[in-house]
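Note that the protein sequences, when read in sequence, are chains A, B and C. In this text, residue positions in the first sequence follow our numbering: the first is 30, and each later residue adds one. In this text, residue positions in the second sequence follow our numbering: the first is 707, and each later residue adds one. In this text, residue positions in the third sequence follow our numbering: the first is 22, and each later residue adds one. Step one of this worksheet: look at the structure below.
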Amino acid sequence: MKLALDAVLVATLLVLALFSLAARQARASAIGFMGFGLVLALVWVRLGAVDVALTEAAVGALTGLLLLGATSLATPAAQPSRPLRLALAGLCALVAGGLAFLVLEAPDPAPSLAAAAVEPLAALDLGNPVTAVLLAYRALDTLLETVVVVLALIGIWSLAPDADWRGAPMVPGADAPSPPLRLLARLLPPVGLVVAVHILWIGADAPGGKFQAATLIAAMGLLVLMAGLAPAPKLGNTRLRALVVGGPALFLALGLLGFLVPGSFLAWPEGLAKPVIVLIEVALTTSLAVLLALIVLGPGARRPRA
Amino acid sequence: MAASSPAGYLLVLALVVPVIGLLGMSVTALIGLRRVEFVAFPVLVAGLAVAGAIATTVAETGEALTYVVGGWAPPLGLALRADGVSAVMLAMAALVVALVALNARALFCADDATPDGRRAFAFWSLLMGLWSALNLVLVGEDLFNLFVALELLTFAAVPLVCLDGRAATLEAALRYLVFALIGSALYLLGTALLYGRYGTLDIGTLRELTQPDLATHAAVALMIGGLMAKAALFPLHIWLPPAHAGAPAPASAVLSALVVKAPFFLIVRLWFDVLPGPPSLPAAQVLAGLGAAAILICSVVALRQERLKLMIAYSTVAQIGYLFLMFRLTAEPGVPAWQTIGWTGGMLQLVSHAFAKAAMFLAAGMIAEALGHDRIAELAGAGRAAPVSVFAFGLAGLSLMGLPPSGGFVAKLLLLNAATLAGAWWIAAVISVGGLLAAAYVTRVLKRAMATPPAPLATRPVALSRELTALTLALVAVALGLVPLQPFELLAIGRP
Amino acid sequence: MSGPTLYGLAAALLVGLGLYGVLAQASPLRRVLAFNLMGAGVFLMFGVAARRGAAAGLPGDPVPQALVITGIVVAFAATALAVMLMRRLAQTRAEEAAAAASSAPAEHG
């Protein structure tokens, strides 16, 4: 019975993947991809990874939004020649076949760090092992990953025309928002914010955490901007910039403080691990929410004259 | 499990110092500064000091530096490690970044609040991100941590390509990004397979665990394939010339000298530290064969370029080819790779090319500024307009051609000897022909640059101090030819 | 066949499909979309490894799960950078074409 559910999920996933690759219209493609993301989130639940499922659902929606916004750019271009495509198809089939073989041949019992990851949880006073991996055992990964996001934003900002680079980005649809959107943008954000705070708060002990909460807040912010309820911020604004780098900076500063107490970079003082981790999560959520929203909005742009 | 060395914290500083700079640059107004470069220079000094301290510590103690981040020992946590090779490359990266920064200062000095502030803000921020990523590639010990480093490197490098905002450079940047992303995805796929097979991604732990089975070989092959696209190994190089030629000259210098070396360095790590048992000779032959093809084909293509920067970019692809010869030339039965002359030759080629190529791109940038263009056919008069730069270009050329005195000469001689010892005559032939072709494309430029222009030229003066940064880099490449035997020991420190 | 194996096979197919899309599609937007499909396949490979490594009362090994979370955010950043590059490229091409069109008659005249 459960296997049947898995089979249905896999079939839907693959059909949506094929559809989004093969659809004639770029728009249909992007919408297909958003559906793919939702089914994928269900797959993650089935794989026992609720944290990943939440992240996939939230970030997948933002990715879909990006792709949807870019559909007008899908210029027809020359496809590679038929023999080349066949050769590529052969190569990819080989890769897929090889991977499938390796999946079937995977070692049993599988190696795992689960036991090792659970053991220090009590000392850290955390209930969610994924949070422990992200903010204790492999905190360096997480720190650098927020730097990756900051760098991506700087890269995107660098694409602006010289005169507009510190100006506000263009918000699609903000000039003539539809009434339902305006209504939605008034009703949804308070609810979204409450949910986000909840996800963030329980993240230490249950599935949830900063990425999921930040994505939700970013989506709420984008909704408000797209409904024209608030103007997009100027990118040269010092307070905005401080929000962007504040989270990573605090994370890094606390990490460096670890050199003093308890004596190692990105180590948390005994007994204080949980408060420190919660503090970092709150700060990172704020910065990531701003970062993700700004990334979706893009570089500074001139307002088109009506 | 290895514990942290007393000076291991230096490895953390190597990663963190540029990140502090990067974060500070976004909020210059908050710290009362009006120009981003004012943040850059203290950071550069600190980063140089850290790299210098790591190199001297490793050289003096004769042991690798290690650091266990947060006290969480692998396989659960992450470790950082710098052996002799990493230490040399950290120092190399710091020196190149610092000298390029000195040259770039005049180009990217606008007030942050002005329209021109865009290029300054982007250049310095991205340079900091790039430097941190490079350092992490050199000291990372965890394959996923290294994936994050590769992504950091990509996101820093790609926007540097299109700083001028022209359609042509945006297109080059987009193509670069697509190749880099395919490379990352393949690398990550291999990482997933390795985790599924061994339950760890720590290189030090994997070294003990890996078995010569299909899963391991497939995983490493996927990772090396992805890294080859990022390192622009022939025939996956097509993204490199337009990207490296389109960037502003200081950015080109960093991209060509350092960024493409990072994926190569990771291939070396996978080949020698993750793959079980003696490396397979056929696989080494394939890598060396692609390297040889790069040397021959791209040198000829470089010879036919009309633009100076494009010529230098094709020369980069050719010179990267030499690095891949190493996999064949270190395969001596019964001898650890790092005790072969192929190892020293390959590493020396990496380092001397970094200095020579950075010098060349900076010199080309100065020449283009003086003349207002970089068309090779119309270079006459460059020798008078920017004499120091033309001289630096020629000195750097020695390394590419493999003529004494230069690091490139020693490197290519060692590789040549290794090829003859291994009986790989075809490699020896390729190295020799590659040197002749490099001589042809370098002298072609020099001959034009030294010629007298048919009519008096209107040239723009260029600052001598900036020309001297190119010359200094070229002189380092030359000086590497004078200390051939010392690095031999240093490059073997910390190898198992 | 067990659930994880089934998802592992789906991951293999997604990687193949995505890789083909990235290599053989002509439009940059489709390439980016295909890259995301391939990424989903790669992440699923980690997910399957995590599920197989379920132990100590957990539904899965938390280490690969955490790696996937990091990976998803990085892939989003990559997608955003690619989309913004495409957008800017389209704008710049239009501007350069307009500039060329307006300067061309002047040169001839």
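The C-beta atom is built at its ideal place from N, Cα and C for all residues, glycine as well. Model, not experiment: these values are computed from the prediction.
Partners in chain B for residue i, counting only beta-carbon separations shorter than 8 Å
i	result
LEU110(C)	ALA873, LEU876, GLU877, LEU880
PRO25(C)	Within 8 Å Cβ-Cβ: nothing; PRO25(C) doesn't reach chain B, min ~10 Å.
ARG53(A)	By Cβ distance, chain B contributes nothing, its closest Cβ being about 22 Å from ARG53(A), past 8 Å.
VAL177(A)	VAL854, GLU857, LEU858, PHE861
GLU174(A)	VAL854
GLY119(A)	The premise fails here: GLY119(A) is roughly 16 Å from chain B at the closest Cβ pair, so nothing lies under 8 Å.
Chain-ordered neighbours of residue i on chain C, where CB pairs are closer than 9 Å
i	result
SER58(A)	LEU50, ARG51, LEU54
Chain C contact residues for residue i, given Cβ-Cβ distances below 7 Å
i	result
ALA951(B)	Near ALA951(B) there are no residues of chain C at all, since even the closest Cβ is about 17 Å away, more than 7 Å.
ARG114(A)	ALA45
VAL181(A)	Looking at the sequence itself, residue 181(A) is Ala, so the reference to Val does not match. Residues of chain C passing the Cβ test: ALA98, ALA101, LEU102.
SER49(A)	LEU54
LEU915(B)	Per Cβ cutoff of 7 Å: no residues; LEU915(B) is ~15 Å from chain C at best.
Contacts that residue i makes with chain A (C-beta to C-beta distance below 7 Å)
i	result
ALA33(C)	ALA125, LEU128, ALA129, VAL132
GLY824(B)	The question names Gly, but residue 824(B) is Arg in the sequence shown. Under the 7 Å cutoff, chain A gives SER187, ALA189, ASP191, TRP194.
Interface partners of residue i on chain A, CB under 8 Å
i	result
ALA76(C)	SER141, ALA143, ALA144
GLY783(B)	TYR166, ARG167
PRO941(B)	Ordered by position in chain A, no residue passes the 8 Å Cβ test against PRO941(B), which lies about 13 Å from the chain.
Residues that residue i contacts on chain A, provided the C-beta gap is smaller than 9 Å
i	result
PHE850(B)	ARG167, ASP170
ALA810(B)	Correct list: empty, because the minimum Cβ distance to chain A is about 15 Å.
ALA921(B)	LEU131, GLU134, ALA135, PRO136
For residue i: DSSP bridge partner residues
i	result
VAL774(B)	ALA785(B)
ARG1013(B)	ARG1081(B)
PRO198(A)	GLY329(A)
ASP82(C)	Per DSSP, none; premise fails for ASP82(C).
GLY846(B)	LEU786(B)
ASP908(B)	ASP848(B)
Chain C contact residues for residue i, given Cβ-Cβ distances below 8 Å
i	result
GLY910(B)	Here the premise fails: no neighbours, minimum Cβ distance about 17 Å.
PHE280(A)	Per Cβ cutoff of 8 Å: no residues; PHE280(A) is ~14 Å from chain C at best.
LEU883(B)	ALA99, LEU102, ALA103, LEU106
LEU67(A)	Residues of chain C passing the Cβ test: none, with the nearest at roughly 12 Å.
PRO201(A)	Going along chain C, no residue has its Cβ under 8 Å from PRO201(A), so there is no contact; the nearest lies around 11 Å.
ASP198(A)	According to the sequence displayed, residue 198(A) carries Pro and not Asp. Result: empty, since nearest Cβ-Cβ is about 10 Å, beyond 8 Å.
Chain-ordered chain B contacts of residue i [CB-CB under 7 Å]
i	result
VAL36(C)	LEU895
GLY81(C)	Within chain B, no residue comes near GLY81(C); the closest Cβ sits about 12 Å away, beyond 7 Å.
GLY60(C)	ALA891
Interface residues of chain B facing residue i [CB-CB closer than 9 Å]
i	result
ALA70(C)	ALA898, LEU899, TYR901, GLY902, ARG903, GLY905
VAL30(C)	The question names Val, yet the displayed sequence has Leu at residue 30(C). What LEU30(C) touches in chain B: nothing, since even the nearest Cβ is about 14 Å away.
beta-carbon residue i near the ligand SAH non-hydrogen atom, thresh 7 Å
i	result
GLY871(B)	Within the structure as shown, the ligand SAH is missing, as the structure has no ligands at all.
Inspect the CB distances between the stretch 882–893 of chain B and the stretch 751–769 of chain B and report whether three or more fall short of 8 Å.
no
Say whether the stretch 1043–1057 of chain B touches the stretch 1000–1019 of chain B, bearing in mind that this needs 3 or more beta-carbon pairs closer than 8 Å, one atom from each stretch.
no
State whether the stretch 64–77 of chain C contacts the stretch 101–113 of chain C, with contact taken as three or more CB pairs (one from each stretch) at a distance under 8 Å.
no
Under 8 Å: do the stretch 223–232 of chain A and the stretch 846–859 of chain B share three or more Cβ pairs, one atom per stretch?
no
Which runs of the alpha helix (DSSP H), 4 residues or longer, sit entirely within the stretch 791–832 of chain B?
none
Considering only residues of the stretch 110–190 of chain A, which uninterrupted alpha helix (DSSP H) runs meet the minimum length of 4 residues and lie entirely inside it, listed in chain order?
111–133, 143–147, 150–153, 158–161, 168–186
Residues of the stretch 204–220 of chain A with a CB closer than 7 Å to any CB of chain C: list them in chain order, please.
none
Short of 9 Å Cβ to Cβ, which residues in the stretch 712–731 of chain B face chain C?
none
Does the structure place the stretch 1123–1132 of chain B close enough to the stretch 1085–1092 of chain B that three or more beta carbon pairs sit under 8 Å?
no
Within 7 Å of chain C by C-beta, residues of the stretch 76–98 of chain A in sequence order
LEU76, GLY77, ALA78, ASP80, VAL81, THR84, GLU85, VAL88, LEU91, THR92, LEU95, LEU96
Check whether the stretch 903–923 of chain B and the stretch 939–948 of chain B are in contact - that is, three or more C-beta pairs closer than 8 Å.
no
Under 7 Å (Cβ pairs) to chain A, residues found in the stretch 88–101 of chain C:
VAL89, ILE90, THR91, ILE93, VAL94, VAL95, PHE97, ALA98, THR100, ALA101
Closer than 9 Å, Cβ to any Cβ of chain C: which residues of the stretch 145–164 of chain A, in chain order?
ALA145, ALA146, VAL147, GLU148, ASN157, PRO158, VAL159, THR160, ALA161, VAL162, LEU163
Alpha helix (DSSP H) segments (min. 4 residues) lying fully within the stretch 718–780 of chain B
743–767
Is the stretch 829–844 of chain B touching the stretch 860–869 of chain B in the sense that three or more CB pairs, one from each, lie closer than 8 Å?
yes
Of all the residues that make up the stretch 222–237 of chain A, which are near chain C by a beta-carbon distance shorter than 9 Å?
none
For the stretch 245–277 of chain A, which residues have a beta carbon sitting closer than 7 Å to at least one beta carbon of chain C?
none
contact_flag[the stretch 259–271 of chain A, the stretch 192–207 of chain A] where n(CB pairs < 8 Å) is 3 or more
yes
Interface residues of the stretch 284–307 of chain A facing chain B [CB-CB below 9 Å]
GLY284, LEU285, GLY287, PHE288, PRO291, GLY292, SER293, PHE294, LEU295, ALA296, TRP297
Can you find at least 3 beta carbon pairs, one from the stretch 893–907 of chain B and one from the stretch 956–965 of chain B, that sit closer than 8 Å?
no
At least three beta-carbon pairs within less than 8 Å, the stretch 81–92 of chain A to the stretch 240–253 of chain A:
yes
Quick one: which residues of the stretch 307–319 of chain A get their C-beta closer than 9 Å to a C-beta of chain C? List them in chain order.
LEU317
Residues of the stretch 733–752 of chain B with a CB closer than 8 Å to any CB of chain A: list them in chain order, please.
VAL733, ALA735, LEU736
Enumerate, from N- to C-terminal direction, the unbroken alpha helix (DSSP H) stretches of 4 or more residues contained entirely within the stretch 856–924 of chain B.
873–904, 909–915
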